[in-house]
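Below: one structure, written as structure tokens.
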Amino acid sequence: MSETEHEAASGAGPVSGAGAGPGAGPVSGPVSGAGPAPGPGTAAAPGPGTAAASGPGAARRHVGVGMVGYAFMGAAHSQGWRTVGHVFDLPEDPRLAAVCGRDGAAVRADAERLGWAAAETDWRALVARDDVGLVDICTPGDSHAEIAIAALEAGKHVLCEKPLANTVEEAEAMAAAAERARARGQVAMVGFNYRRVPALALARRLVAEGRLGALRHARFTYLQDWLVDPGAPLTWRLRKDRAGSGALGDLGAHIVDLAQYLTGEAVAGVSALTETFVRERPLAGGWGAGAPGGLGAAGGAGAGAGGAGAGAGGAGAGAGGGGAGTGTSSGSRTRGAVGQVTVDDAAVFTARFPSGALATFEATRFAAGRKNALRLELNGSDGSLAFDLERLNELSFHDHTAPAASAGFRRILVTEPDHPYVDAWWPPGHGLGYEHSFVHQARDLLHAVATGTTPEPSFADGLAVQRVLAAVEESAAKNSVYTPVVA
Ligand SMILES: NC(=O)c1ccc[n+]([C@@H]2O[C@H](COP(=O)([O-])OP(=O)(O)OC[C@H]3O[C@@H](n4cnc5c(N)ncnc54)[C@H](O)[C@@H]3O)[C@@H](O)[C@H]2O)c1
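With UniProt numbering applied, the sequence shown covers 1 to 487.
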């Protein structure tokens, strides 16, 4: 169904959710209100503008989305924005207004491929566009704070990829900007998309219902293997100035967020070890046989975008400038210029929750054979839960209050209409995948935009994760000394 058809089909009667909640009053602003997209000059008023459309013939409300970065996450988010209005009944439909990259020809080509109406080469121009009411940040961490704060101050809603920032200081500034913007009816969310996997949302529901009793253990691993080859290139993900940290911020951020989301508790303190196994890597291209170029080149963008094309060059885009290069040779392979890896390759840490529960975490890109293995288990006095992202339609649950003779872990196939998000999709047993988490993320954010409620995970939640990451780095620097998380 085209956007025009969508508008016509929904023209009768009030739009659900319109006008409800704080910030949803009759203000006008950069977000398109009822009727056609706002033209130039209609973006001056602060606030996201969610004027209610009601009465016969009223058009659907739209929010114009502007996305910065269009490689791996850009492709995944594009798919979410393209799909969400065709699956969920939304109070506000997204309009893919403009995408931003730094290479004009490349971004124009990808704008068309990914479904964006226009292309920009400067994120400031994207933020300033009248037809953009929501800025979606899919760039490396070194630009998150600057773009997010500018967008919030320009009156836009913001979705920012994880980790929220590269430092606690940046994350604090972002959370403060989001709090100021909240008073104007704007919303800001962090892209911890795994919260939107139905099985994990169900896990949260079961914990909140008390089905596990008193929590004793929480166990999290997030394992990948794309750095096992020492010839894999020095992409931006291996540079502290661009990524903030390595496996810790990339993978560890996800499992710390999940730990806090699932348990409902904030990590109180940590004892950590980190290691960088390969300290020098080629600056571009890699020299190993079949050396991967990182996640984007590993097919993430193309595979996740439903035919949106190959993502090669995405993760590798920032490989240049990785420090002073040297030429070396080893065995039969001639090595070109190399640079220093300035982040961790792996991080392992133990943690305490305020309730007294103990947690363990492991994040690495050196687990040969593990591609995207996010696994977790929670053990409580009344039961246990276990999840594996490689079987993401399933949740294992053990009810310890059941008679011992028949108790034991059982597999819940999370494809029933009563399960979170699932009623909008397919009949029971017809599973979902990785990309659906981005559709659900877009759905939840659009509901928050329409109602003016703070979406979860908020920038405050992103800051809380950043503080745990900082405590991990501090503890690791002190050879695992137990380090409280500064609240
Ligand atoms: N939620 C998840 O599961 C998940 C998975 C992977 C990455 N991420 C996060 O998403 C973010 C992006 O990662 P990625 O894997 O998409 O990286 P990527 O290298 O594939 O893409 C980065 C994009 O940002 C663009 N870019 C960089 N600097 C820019 C600037 N100043 N202005 C405009 N465009 C700029 C690049 O050209 C590229 O299009 C990171 O914060 C990363 O941690 C999240």
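For each residue, glycine too, the CB sits at the ideal point set by N, CA and C. Computed from a prediction, not measured in an experiment: that's the story for all the values here.
{"query": "Please state whether DSSP places residue 362 in a helix, a strand or coil.", "result": "strand"}
{"query": "Please work out which residues of its chain come closer than 8 angstroms, Cβ to Cβ, to residue 41, disregarding the five sequence neighbours upstream and downstream, and give them in chain order.", "result": "Confidence at residue 41 is low in this model, with a pLDDT of 26, below 50, so its placement is unreliable and the value that follows should be read with caution. Excluding sequence neighbours, residue 41 sits near 130."}
{"query": "Can you find a heavy atom of ligand 1 that lies under 7 angstroms from the Cβ of residue 139?", "result": "yes"}
{"query": "Please list the segments of the beta strand (DSSP E) lying wholly inside the region 136–161, counting only runs of 3 or more residues, in order along the chain.", "result": "157–160"}
{"query": "Taking DSSP as the reference, what is the three-state secondary structure of residue 260?", "result": "helix"}
{"query": "Just checking my contact of residue 357 with residue 92 at CB under 8 angstroms: how many whole Å lie between their CB atoms?", "result": "About 39 angstroms separates the two Cβ atoms, so there is no contact after all."}
{"query": "Do you know offhand how far residue 95's Cα is from residue 475's?", "result": "45 angstroms"}
{"query": "Among all the DSSP beta bridges, which residues are the ones paired with residue 93?", "result": "62"}
{"query": "DSSP state of residue 195, grouped into three classes?", "result": "helix"}
{"query": "I'd like to check one pair, residue 110 with residue 70: are the Cβ atoms closer than 8 angstroms?", "result": "yes"}
{"query": "If contacts are defined as beta-carbon pairs under 8 angstroms, then residue 190 and residue 409 qualify, I think. What distance do you get, rounded to the angstrom?", "result": "Going by Cβ atoms, the distance from residue 190 to residue 409 rounds to 32 angstroms, so no, they are not a contact pair."}
{"query": "Any heavy atom of ligand 1 inside 7 angstroms of the beta-carbon of residue 250?", "result": "yes"}
{"query": "Assuming residue 466 and residue 164 form a contact by the criterion Cβ under 8 angstroms, report the distance between their Cβ atoms to the nearest whole angstrom.", "result": "6 angstroms"}
{"query": "So what does DSSP say about residue 351, is it helix, strand or coil?", "result": "strand"}
{"query": "Exposed or buried, residue 401, counting other C-beta atoms within 10 Å across all chains shown (16 or more means buried)?", "result": "exposed"}
{"query": "Give the single residue among 348, 196, 77, 379 whose Cα lies nearest to the Cα of residue 367.", "result": "348"}
{"query": "Would you say the beta carbon of residue 125 is closer than 7 angstroms to some non-hydrogen atom of ligand 1?", "result": "no"}
{"query": "Would you say residue 164 reaches chain C, if we count a Cβ-Cβ gap shorter than 8 angstroms as a contact?", "result": "The chain inventory of the structure shown lacks chain C, comprising one protein chain alone."}
{"query": "Alpha carbon to alpha carbon, how far is residue 219 from residue 417?", "result": "29 angstroms"}
{"query": "Nearest by alpha-carbon distance to residue 120: which of 142, 134, 97 is it?", "result": "97"}
{"query": "Nearest to residue 567 by CA position, among 141, 473, 430, is which residue?", "result": "Since the first residue of the chain shown is 1 and the last is 487, residue 567 is not available in this structure."}
{"query": "Is there at least one non-hydrogen atom of ligand 1 closer than 7 angstroms to the beta-carbon of residue 67?", "result": "no"}
{"query": "Quick one: Cα of residue 209 to Cα of residue 66, how far?", "result": "38 angstroms"}
{"query": "Which ranges would you report for the alpha helix (DSSP H) in the region 197–263 if only whole runs of at least 4 residues count?", "result": "198–208, 240–243, 253–263"}
{"query": "Find out if the Cβ-Cβ distance for the pair residue 188, residue 178 is shorter than 8 angstroms.", "result": "yes"}
{"query": "Terminal residues of the continuous alpha helix (DSSP H) containing residue 449?", "result": "436–451"}
{"query": "So if DSSP puts residue 275 in a beta bridge, which residue, or which two residues, is it bridged to?", "result": "346"}
{"query": "So which of 422, 470, 443, 399 has the shortest CA-CA distance to residue 213?", "result": "399"}
{"query": "So does the region 240–253 actually touch the region 147–161, counting three or more Cβ pairs closer than 8 angstroms?", "result": "no"}
{"query": "Mind the definition here: the region 189–203 touches the region 432–441 only if three or more C-beta pairs lie below 8 angstroms; say whether that holds.", "result": "yes"}
{"query": "Check whether the Cβ atoms of residue 77 and residue 142 sit closer than 8 angstroms, and answer yes or no.", "result": "no"}
{"query": "In the DSSP output, which residue or residues are listed as bridge partners for residue 398?", "result": "384"}
{"query": "For residue 393, is the classification buried or exposed, using 16 other Cβ atoms within 10 angstroms of its Cβ as the cut-off for buried?", "result": "buried"}
{"query": "DSSP on residue 375, reduced to helix/strand/coil?", "result": "strand"}
{"query": "Our contact map puts residue 346 next to residue 259 with C-beta atoms below 8 angstroms; I'd like the distance itself, whole angstroms only.", "result": "About 18 angstroms; that fails the 8 angstroms criterion."}
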